[in-house]
Amino acid sequence: MDMDMDKAWRPQEVEQRMYREWEAAGLFTADPKSRRPKFSVVMPPPNVTGELHLGHATNDTVQDIYVRYKRLRGYEVLWLPGTDHAAIATQNVLEKRLAAEGRTKEQLGRAGFEKVVEEWYAQVGARIVDQLKRLGYIADWSRLRFTMDDAYVRAVREAFVRLYDDGLIYRGPRIVNWCPRCQSSISDLEVDWREHMDTLYYIRYDMADGDGALTVATVRPETMLADTGVAVNPDDERYRRFVGRMARLPIVGRELPVVADAYVKQDFGTGALKVTPGHDPNDYEIGQRHGLEILTCIDKAGNIVSDEWVPDELRTRDAPTARDRVVEMLRDREHLVRTEPYAHEVGHCDRCGEVIEPLIDEQWWCAMPELRDPAVKVVEDGRVEFVPRRYTKVYLDWMAGLRDWNVSRQLWLGHRIPIYYCDNAAGHDGAGVHAWASVDEPEACPVCGKVKTRQDPDVLDTWFSSALWPFATMGWPAPSEDLDAFFPTAMLGTAREIIFLWVARMIMTSLRFMGDIPFSTVLINAVIQDRHGQRMSKSKGNGVDPLEMIDKYGADAVRAWAAEVALRGQDVRFDEAKIEGYKNFANKIWNASRLVLGAAEGVVTRPAAELAAAGALTPFDRWILSRLDALIDEVTGALDGWDPGTAIEAIRRFAWDEFADWYLEAAKPAFHAEDAADPARVASSSVAVHVVRSLVVMLNPFTPFISEAVWQRLDAGGEPLIARRAESPWPVSLGLRDEGLETEMTVLFDAVKAVREAAGGLRSSRRQDLGMAVRRVAALPGQELLESDFGRAALARLAGVQPAESVDAAATVVVSGLEVRLSAPVAAGEGGGAGQTDRTGMERQLEQTKAKIVALEARLANDDFVAKARPEVVQQARDDLQTARDRLVILEEAFTSA
RNA sequence: GGUCGGCUAGCUCAGUUGGUUAGAGCGCUCGGUUCACAUCCGAGAGGUCAGGGGUUCAAGUCCCUUGCCGACCACCA
11 MDMDMDKAWR PQEVEQRMYR EWEAAGLFTA DPKSRRPKFS VVMPPPNVTG ELHLGHATND
71 TVQDIYVRYK RLRGYEVLWL PGTDHAAIAT QNVLEKRLAA EGRTKEQLGR AGFEKVVEEW
131 YAQVGARIVD QLKRLGYIAD WSRLRFTMDD AYVRAVREAF VRLYDDGLIY RGPRIVNWCP
191 RCQSSISDLE VDWREHMDTL YYIRYDMADG DGALTVATVR PETMLADTGV AVNPDDERYR
251 RFVGRMARLP IVGRELPVVA DAYVKQDFGT GALKVTPGHD PNDYEIGQRH GLEILTCIDK
311 AGNIVSDEWV PDELRTRDAP TARDRVVEML RDREHLVRTE PYAHEVGHCD RCGEVIEPLI
371 DEQWWCAMPE LRDPAVKVVE DGRVEFVPRR YTKVYLDWMA GLRDWNVSRQ LWLGHRIPIY
431 YCDNAAGHDG AGVHAWASVD EPEACPVCGK VKTRQDPDVL DTWFSSALWP FATMGWPAPS
491 EDLDAFFPTA MLGTAREIIF LWVARMIMTS LRFMGDIPFS TVLINAVIQD RHGQRMSKSK
551 GNGVDPLEMI DKYGADAVRA WAAEVALRGQ DVRFDEAKIE GYKNFANKIW NASRLVLGAA
611 EGVVTRPAAE LAAAGALTPF DRWILSRLDA LIDEVTGALD GWDPGTAIEA IRRFAWDEFA
671 DWYLEAAKPA FHAEDAADPA RVASSSVAVH VVRSLVVMLN PFTPFISEAV WQRLDAGGEP
731 LIARRAESPW PVSLGLRDEG LETEMTVLFD AVKAVREAAG GLRSSRRQDL GMAVRRVAAL
791 PGQELLESDF GRAALARLAG VQPAESVDAA ATVVVSGLEV RLSAPVAAGE GGGAGQTDRT
851 GMERQLEQTK AKIVALEARL ANDDFVAKAR PEVVQQARDD LQTARDRLVI LEEAFTSA
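Just so you know, we're using the numbering used here here: the first sequence kicks off at 11 and counts up by one.
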């Protein structure tokens with residue numbers, strides 16, 4: 011064994027070297043030909059817009075934990091990594107960078123911009139991969155994918171063409187969310203709603219026949235230029251006489267029909283609504299219902315354009331705004347009735363923050379019902395499960411209200427839409443134009459044979475390509491070994507804000523193209539917030555770089571923290587102290603291992619089960635093996651139940667509180683036996699090695715570096731734990747669980763603590779002079795061990811006092827029906843003696859015991875309790891009362907005699 | 001507006017089907033130079049479980065309600 015172990019575990023010096031060794035040994039590469047059961051995960055591709063933050067780290071760590079766990083349990087594992095081109099987001103980032111240099115993408119031109127993009131992808135993509143490696147992830151880098159890889163681009167085209175040919179993708183004019191800055195449409199999901207304080211304007215529309223007038227309320231008076239109707243509620247008595255007549259639009263003079271539509275709320279504003287189908291989604295729908303004309307008065311730059319009224323090209327948002335001009339004109343003509351302040355939500359582009367202009371535009375749409383229905387069913391049927399469970403409802407509710415998906419974007423960056431037109435006519439899919447979808451670059455028009463063709467200028471929504479991630483990364487649409495072996499995947503770890511943008515769409519496309527679910531479990535990670543409860547984000551500048559934490563505490567510590575918090579189901583405030591705690595824990599493991607390895611040096615260890623069967627073990631040995639069995643069950647159960655937080659906490663508690671603090675302390679005399687063949691040394695070091703071995707295997711998914719470092723020293727073969735493929739190294743319960751023994755040991759430990767406390771006022775050198783005698787005063791369960799010679803000796807040693815047959819009590823403690831007496835110190839004096847500290851301790855014991863008796867007596871005096879509670883609960887209360895009374899008797903006796 | 005989540009020790013959080021005296025880590029106080037570890041060891045203080053009401057022999061846990069905080073969804077101009 012390698013005894014060259016520093017006193018402290020220094021992750022910074024070791025982790026990167028270890029990782030490079032694993033990678034060089036090709037340990038992460040999945041084998042589709044393997045006969046082992048398969049476990050596969052696709053890594054959510056991070057956007058290539060910047061570095062990763064702690065949110066990614068927690069999410070990906072959970073995946074690595076499961077990938078490692080399954081691998082240790084004998085599965086052939088594929089964890090497929092990759093990155094996403096993130097069309098609109100990346101284009102925004104790059105445009106901002108260019109702007110900072112005083113340049114624009116237009117100056118560079120398409121080709122020049124593309125070069126900038128490629129450099130960016132190469133540079134940032136590499137940095138992201140480096141971060142992932144620093145975290146110790148055993149992703150299969152040989153299969154690294156990027157959504158702009160040639161093969162992936164082809165898969166995206168294939169998917170589009172199939173949907174188009176099946177009639178699910180169509181082009182048409184509809185009202186869209188237009189971002190005037192990005193110069194692109196965006197989907198409903200990419201609209202970020204923010205509260206604005208605006209003004210609500212009340213405007214009088216006179217009736218065309220001169221008989222009366224309607225007053226409408228609006229926050230966007232400038233859109234009145236494109237009004238094509240006025241709507242009122244059909245049940246509204248006030249306006250009944252106006253319905254079917256014509257109103258006259260102020261300023262412009264156009265006549266507008268007054269229609270009755272249930273959408274209109276009678277109690278909002280005046281109960282009359284100006285209808286602008288060209289610039290408001292709701293008005294658009296009202297217009298559709300009543301056959302209203304659609305007019306446009308705002309162009310794609312956000313400027314007012316109107317046939318009737320053309321102010322000098324004015325952006326609607328800049329001062330003096332078109333809105334102000336319109337209001338001014340209304341006021342001049344005495345059509346402005348009044349104004350009032352008004353708070354409401356306004357849509358912004360979630361990438362650049364610009365206010366969204368709803369307007370009518372030709373776009374590509376993906377019809378949802380046919381894709382949605384099967385995707386609803388697999389979740390309802392439980393074939394796809396969300397963890398935490400409550401997200402099932404979130405998913406289903408959203409799916410129920412799905413509208414067609416706008417999949418086209420007017421960007422420079424992204425997957426070009428694989429639609430081609432022959433040159434017979436201009437325009438899109440209109441009359442006389444041949445349009446078709448094609449995976450390959452077409453040589454000629456399939457209809458008329460014209461050779462000259464051109465491709466649609468639009469690109470696809472980023473999420474259209476991400477939607478194919480689970481299978482397009484494995485080679486789809488071509489058949490592949492990977493698809494056969496690793497699809498569908500087992501689980502998806504992701505963030506809750508992309509359940510709709512991404513998760514739902516993967517389920518839909520997967521069912522459509524693969525005929526199967528993409529994954530069976532969706533793990534929704536907690537959102538990582540800063541100390542003040544603000545979500546970490548790049549724009550807020552409150553993000554924490556995982557590398558900074560790794561540099562300070564090591565990747566193991568960051569990972570263990572992530573495991574603890576990621577799947578709690580609750581958002582977490584970042585608490586650096588927790589990471590530091592796990593760094594200390596890694597050090598604890600390191601040092602416990604040093605002790606155990608030192609003890610086992612030169613010892614021919616034997617299997618723990620064999621020693622147990624041979625009766626060669628002390629109660630301490632049997633106790634820790636019993637606890638280990640319990641731990642294995644707990645950790646395995648927690649991991650299988652998607653609760654890594656419970657698993658890592660259980661390991662930590664066992665390793666620190668039970669194994670290190672009690673077992674190793676108790677085993678030290680055996681460890682220190684000179685003779686390597688000493689039976690006690692052989693037994694205890696065999697048990698300790700067994701425990702350490704089990705621990706580091708269970709720790710491997712969480713803290714792989716410290717785990718492998720210790721494993722190397724346990725296993726001279728030098729093969730990394732994760733490379734163990736012949737048999738599963740995951741520990742199994744030895745069947746040595748003995749809860750009776752655990753109870754007895756608890757009594758012993760309580761006694762040790764009590765004696766330590768009673769002798770607490772003494773310096774340790776004095777404590778060694780104290781004599782200690784144990785006397786039985788009542789028979790209670792669990793005290794047998796403590797009464798035995800072994801128990802007395804163990805108690806004396808762990809408490810640091812001398813065993814004796816009997817002593818004159820200077821201090822007495824009571825534990826489970828046993829009275830433990832401590833003699834007066836040889837020279838009681840300065841600093842107080844045992845008697846002094848004992849009194850306060852005993853007073854506290856007395857108080858607590860009396861309180862407990864009172865409470866239990868009251869409980870048992872309640873007839874309802876005795877009659878209605880479950881019998882075992884009542885019996886328990888009776889037992890407890892008896893115990894407390896026995897204890898009180900002893901305590902009072904000791905107290906008066908002390 | 002709708003839906004969902006949260007409110008437990010100074011801080012960050014656990015708390016399974018209701019059942020002894022509600023836990024952990026960090027922080028705090030006191031005490032520790034023994035050969036695994038001061039990144040440590042031992043002991044301790046600290047909570048009317050957001051407020052109110054109800055169900056029950058018994059409520060942090062179940063129900064109602066109020067108040068904050070947060071997330072998501074949403075077509076009220």
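Cβ coordinates follow ideal geometry from the N, Cα and C atoms, glycine included.
Taking 8 angstroms as the cut-off, decide whether the C-beta atoms of residue i and residue j are in contact.
i    : j    : result
L731 : R786 : no
Y431 : V443 : yes
P556 : V568 : yes
A499 : S50  : Reading the sequence as shown, one finds Thr at residue 499 and not Ala. Cβ atoms of T499 and S50: closer than 8 angstroms.
N535 : L478 : no
R155 : G92  : yes
F496 : M524 : no
A788 : D896 : yes
A40  : A733 : no
L199 : G239 : no
G781 : V811 : yes
T114 : S475 : no
L511 : C376 : no
T280 : V336 : no
Take residue i and list the residues in its own chain whose beta-carbon comes closer than 6 angstroms to its own, dropping the five residues that flank it on each side.
i    : result
F664 : L641
W721 : V706 and L731
M13  : Residue placement at M13 is poorly supported in this model, since its pLDDT is 48, which falls under 50; the coordinates still yield a value, given next. Counting only Cβ-Cβ distances below 6 angstroms, and skipping sequence neighbours, we find nothing.
E644 : A660
E395 : T531
S603 : V702 and V720
E668 : R637
For residue i, which residues in the same chain have their Cβ closer than 8 angstroms to its Cβ, ignoring the five residues on either side in sequence?
i    : result
F584 : L64, I538, Q539, D540, R541, M546 and V554
D219 : R255 and M256
W446 : I429, Y430, P452, C455, P456 and V457
Could you name the residues of the same chain whose beta carbon sits closer than 7 angstroms to that of residue i, not counting the 5 residues immediately before and after it, in chain order?
i    : result
E323 : With a pLDDT of 49 at E323, under the threshold of 50, the predicted position of this residue should be treated as unreliable, and no value is reported.
D613 : Per the sequence shown, residue 613 should be read as Val rather than Asp. Excluding positions up to five away in sequence, the list reads A686, R691, V692 and S695.
Y352 : D208, T209, L210 and V229
R137 : E61
S490 : M484
A879 : none
Give the DSSP bridge partners of residue i, in chain order.
i    : result
T499 : F529
C359 : V201
K429 : The question names Lys, but residue 429 is Ile in the sequence shown. Paired residues: A447.
K48  : E86
D581 : Beta-bridge pairing links D581 to no other residue.
L266 : A257
A821 : L832
T228 : Y211
K284 : V240
F396 : V532
S704 : For S704, which the question treats as bridged, DSSP gives no partner whatsoever.
E367 : W188
So residue i packs on residue j, CB below 8 angstroms; how close in whole Å?
i    : j    : result
G297 : P287 : 3 angstroms
V171 : V469 : Wrong, their Cβ atoms sit about 16 angstroms apart, outside the cutoff.
V274 : V315 : Not really, about 28 angstroms apart at Cβ, beyond 8 angstroms.
R348 : Y212 : 5 angstroms
Exercise for the section: Specify whether the region 184-194 and the region 346-366 touch according to this definition: at least 3 beta carbon pairs, one from each stretch, less than 8 angstroms apart. Expected result: Contact annotation: the region 184-194 touches the region 346-366, with at least three C-beta pairs closer than 8 angstroms.
Under 8 angstroms, with one C-beta from each stretch per pair, do the region 731-751 and the region 708-722 reach the 3-pair mark? The region 731-751 and the region 708-722 touch, with no fewer than 3 CB-CB distances between them shorter than 8 angstroms.
Between the region 749-757 and the region 793-804, do three or more beta carbon pairs fall short of 8 angstroms?
By the Cβ test, the region 749-757 is in contact with the region 793-804, since at least three Cβ pairs between them sit closer than 8 angstroms.
Three or more C-beta pairs under 8 angstroms: does that hold for the region 502-515 against the region 133-150? Contact annotation: the region 502-515 does not touch the region 133-150, with fewer than three C-beta pairs closer than 8 angstroms.
Task: Validate contact between the region 69-84 and the region 390-409 using beta carbons, cut 8 angstroms, 3 pairs - done: Judged by Cβ distances under 8 angstroms, the region 69-84 makes no contact with the region 390-409, as fewer than three pairs qualify.
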